């Protein structure tokens, strides 16, 4: 009898890695409606109910009130880190043949199961900047060295792990997104933000932070909106939890611009699908990003993607036909590329079609999910 697999998610936020895990579990459920799928969430969140619709969900640390989170953070700063302990509601002894941790934040949990003799796999979505935010290098290497196998979201992630000295069996499986979403009616979101229906719309997306390169986005935007009166730039996303000094710096710079009315920051939106459908070009100004789903969402809407060389895995998708890859942190080259698409709408349309074709082919959800399923059940 096939032994069961336990999946571990670090949280249930509406961010890339938790969304990819949800899509994979939904794919599993669609293939076998009667399958027993167990998921351990280290922390719950907005996606918890969606997870419950496809899996038996166990939550290790339910979200607490704001004061409780502050107290917990202070306790972690003062006291030694407690060892991972699974919830009593799961009987782990010899129950699972494989445990899969989604993101590097599950490595302590994987360490626990490895000590029990269980096969462990870490699905890594992170690159060096984020890894070093959460771990001292020696501790990260110690933890990941104990894992039996790695799944990584792009070749860029695999290369980054080699930089840490990793020599584990590693499978590259591209991040994925369900395609053929319901098409949004045109003009709805543009009107909400005062954007003319015939404007050329350039979109960016993500939390405020240095890694996402919003300062570069602002520089590129100021360059072009002063040159072409019908170009608008929109950034979807919030500043995240707590005080964010980078957010305040960007907003202060934005406030100084004469062109600020055409550079719009929406904050977090419940339905970003509509605005993606109404954009013309998607810009990934990230300095480091493994393989962001927002680019795949743009491709699903037949929008070309512009990104930086050496900033992560997206050049592996964009290539020479689904948008453009420009030199790292070169805001002028980024602006020039947008301008080329603005002036050549035929080129714009061809790049968008190429992006959609890639999403349905080499980078399809079916292809990635089937490969993951094969790895986990090997």
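Numbering (our numbering), first residue to last: 2 to 379. Backbone N, C-alpha and C define an ideal beta-carbon position, used for all residues, glycine too. For clarity, every value in this text was computed on a predicted model and none was experimentally measured.
To the nearest whole angstrom, what separates the beta carbons of residue 231 and residue 201, a pair I think is in contact under 8 Å? Stepping through the chain shown from its first residue, residue 231 is reached at position 230. Stepping through the chain shown from its first residue, residue 201 is reached at position 200. 6 Å between Cβ atoms; contact.
Bounding residues of the beta strand (DSSP E) (the contiguous stretch that carries residue 1): Within the shown structure, residues of the chain are numbered from 2 to 379, placing residue 1 beyond reach of any answer.
CA-CA distance, residue 271 and residue 118? Translated into the one-based positions of the chain shown, residue 271 becomes position 270. Translated into the one-based positions of the chain shown, residue 118 becomes position 117. For residue 271 and residue 118, the distance between alpha carbons rounds to 43 Å.
With burial defined as no fewer than 16 other Cβ atoms inside 10 Å of the residue's Cβ, what is the status of residue 127: buried or exposed? The count along the chain shown starts at 1 and reaches residue 127 at position 126. It counts as buried.
Whether or not the region 106–116 and the region 140–150 are in contact is what I'm after, with contact meaning three or more pairs of Cβ atoms, one per stretch, closer than 8 Å; do they touch? Three or more beta-carbon pairs separated by less than 8 Å link the region 140–150 to the region 106–116, which places the two stretches in contact.
Range covered by the alpha helix (DSSP H) that runs through residue 173: By 1-based counting over the chain shown, the position of residue 173 is 172. Premise fails: residue 173 lies in the beta strand (DSSP E), 171–173, not in any alpha helix (DSSP H).
So, are the CB atoms of residue 356 and residue 305 less than 7 Å apart? Translated into positions along the chain shown, residue 356 becomes position 355. Translated into positions along the chain shown, residue 305 becomes position 304. Taking 7 Å as the cut-off, the beta carbon of residue 356 is found closer than this to the beta carbon of residue 305.
Beta-bridge pairing of residue 204 - partner residues as DSSP gives them: Counting from 1 along the chain shown, the entry for residue 204 is found at position 203. In the DSSP assignment, residue 204 is bridged to 235, 283.
With burial defined as no fewer than 16 other Cβ atoms inside 10 Å of the residue's Cβ, what is the status of residue 63: buried or exposed? The residue you call residue 63 lines up with position 62 of the chain shown. With fewer than 16 other Cβ atoms within 10 Å, it is exposed.
Could you give the distance in angstroms between the alpha-carbon of residue 278 and the alpha-carbon of residue 235? The count along the chain shown starts at 1 and reaches residue 278 at position 277. The count along the chain shown starts at 1 and reaches residue 235 at position 234. Each residue's alpha carbon lies about 13 Å from the other.
Spatial neighbours of residue 132 in its chain, beta-carbon cut-off 7 Å, leaving aside the 5 residues before and after: On the chain shown, residue 132 is found 131 positions in, with the first residue counted as 1. Cβ neighbours of residue 132 within its own chain (closer than 7 Å, five residues either side excluded): 105, 141.
Would you identify the three-state DSSP class for residue 69, choosing helix, strand or coil? In the chain shown, counting from the first residue as 1, residue 69 sits at position 68. Its pLDDT being 44, under 50, residue 69 is placed unreliably by the model, and nothing is read from it.
Examine the Cβ distances between the region 7–14 and the region 34–43 and report whether three or more of them are shorter than 8 Å. These segments touch.
Does DSSP put residue 15 in a helix, in a strand, or in coil? Position 14 of the chain shown, counted from the first residue, corresponds to residue 15. Coil.
Quick check on DSSP: helix, strand or coil for residue 178? Residue mapping note: residue 178 aligns to position 177 of the chain shown, counting from 1. It is coil, neither helix nor strand.
Helix, strand or coil: how does DSSP classify residue 52 here? Numbered from its first residue, the chain shown carries residue 52 at position 51. Correct three-state label for residue 52: helix.
Would you kindly work out how many angstroms separate the C-alpha atoms of residue 365 and residue 298, rounded to a whole number? To locate residue 365, count along the chain shown from 1; it is residue 364. To locate residue 298, count along the chain shown from 1; it is residue 297. Straight-line measurement puts the Cα of residue 298 at about 12 Å from the Cα of residue 365.
Could you tell me the distance, in whole angstroms, from the CA atom of residue 312 to the CA atom of residue 168? If you number the chain shown from 1, residue 312 lands on position 311. If you number the chain shown from 1, residue 168 lands on position 167. Those two C-alpha atoms are separated by around 22 Å.
Over what stretch of residues does the alpha helix (DSSP H) that includes residue 374 continue unbroken? The count along the chain shown starts at 1 and reaches residue 374 at position 373. Residue 374 -> alpha helix (DSSP H) spans 366–377.
Spatial neighbours of residue 52 within its chain, please: C-beta separation below 8 Å, excluding the five flanking residues on both sides. Position 51 of the chain shown, counted from the start, is the residue given in the question as residue 52. Here the set comprises 10, 13, 23, 26, 40, 42, 58.
Counting pairs of beta carbons, one from the region 244–261 and one from the region 214–223, are three or more of them closer than 8 Å? Yes: at least three Cβ pairs fall under 8 Å.
State the Cα-Cα distance for the pair residue 324 and residue 308, rounded to the nearest angstrom. To locate residue 324, count along the chain shown from 1; it is residue 323. To locate residue 308, count along the chain shown from 1; it is residue 307. The straight-line gap separating the alpha-carbon atoms of residue 324 and residue 308 is approximately 8 Å.
Separation of residue 331 from residue 360, as counted between CA atoms: Counting from one through the chain shown, the residue named residue 360 turns up at place 359. Counting from one through the chain shown, the residue named residue 331 turns up at place 330. If you take the alpha carbons of residue 360 and residue 331, they lie about 27 Å apart.
If you count every other CB in all the chains shown that lies within 10 Å of the CB of residue 215, and 16 or more means buried, which is it? Here residue 215 is taken as the residue at index 214 of the chain shown, counted from 1. It is buried - the Cβ of residue 215 has at least 16 other Cβ atoms within 10 Å.
Check the C-beta distance from residue 282 over to residue 209 and give it rounded, since I have them as a contact under 8 Å. Translated into positions along the chain shown, residue 282 becomes position 281. Translated into positions along the chain shown, residue 209 becomes position 208. 21 Å between Cβ atoms; not a contact.
Could you tell me the alpha carbon to alpha carbon distance between residue 194 and residue 238, rounded to whole angstroms? Stepping through the chain shown from its first residue, residue 194 is reached at position 193. Stepping through the chain shown from its first residue, residue 238 is reached at position 237. So the two alpha carbons sit approximately 14 Å from each other.
Continuous beta strand (DSSP E) stretch holding residue 39: start and end: Translated into the one-based positions of the chain shown, residue 39 becomes position 38. Secondary structure note for residue 39: its beta strand (DSSP E) is the uninterrupted segment 39–44.
For residue 29 and residue 35, which I take to be in contact (beta-carbon distance under 8 Å), what is that distance rounded to the nearest angstrom? Numbered from 1 along the chain shown, position 28 holds the residue referred to as residue 29. Numbered from 1 along the chain shown, position 34 holds the residue referred to as residue 35. In fact, because the Cβ distance is near 11 Å, the residues do not count as touching under 8 Å.
So, under 8 Å CB-CB, residue 60 and residue 314 are touching, yes? Tell me the CB distance rounded to an integer number of Å. As a working note, residue 60 is residue 59 in the chain shown. As a working note, residue 314 is residue 313 in the chain shown. So it is not a contact: roughly 31 Å between Cβ atoms.
How is the alpha helix (DSSP H) around residue 215 delimited, first residue to last? As a working mapping, residue 215 is identified with position 214 in the chain shown. 215–226 is the extent of the alpha helix (DSSP H) around residue 215.
At which residues does the alpha helix (DSSP H) containing residue 361 begin and terminate? Taking the first residue of the chain shown as 1, we reach residue 361 at position 360. For residue 361, the enclosing alpha helix (DSSP H) covers residues 346–361.
For a test of the three-state rule: what should DSSP assign to residue 329, helix, strand or coil? Sequence index remark: in the chain shown, residue 329 carries index 328 (1-based). Note: residue 329 maps to coil in three-state DSSP.
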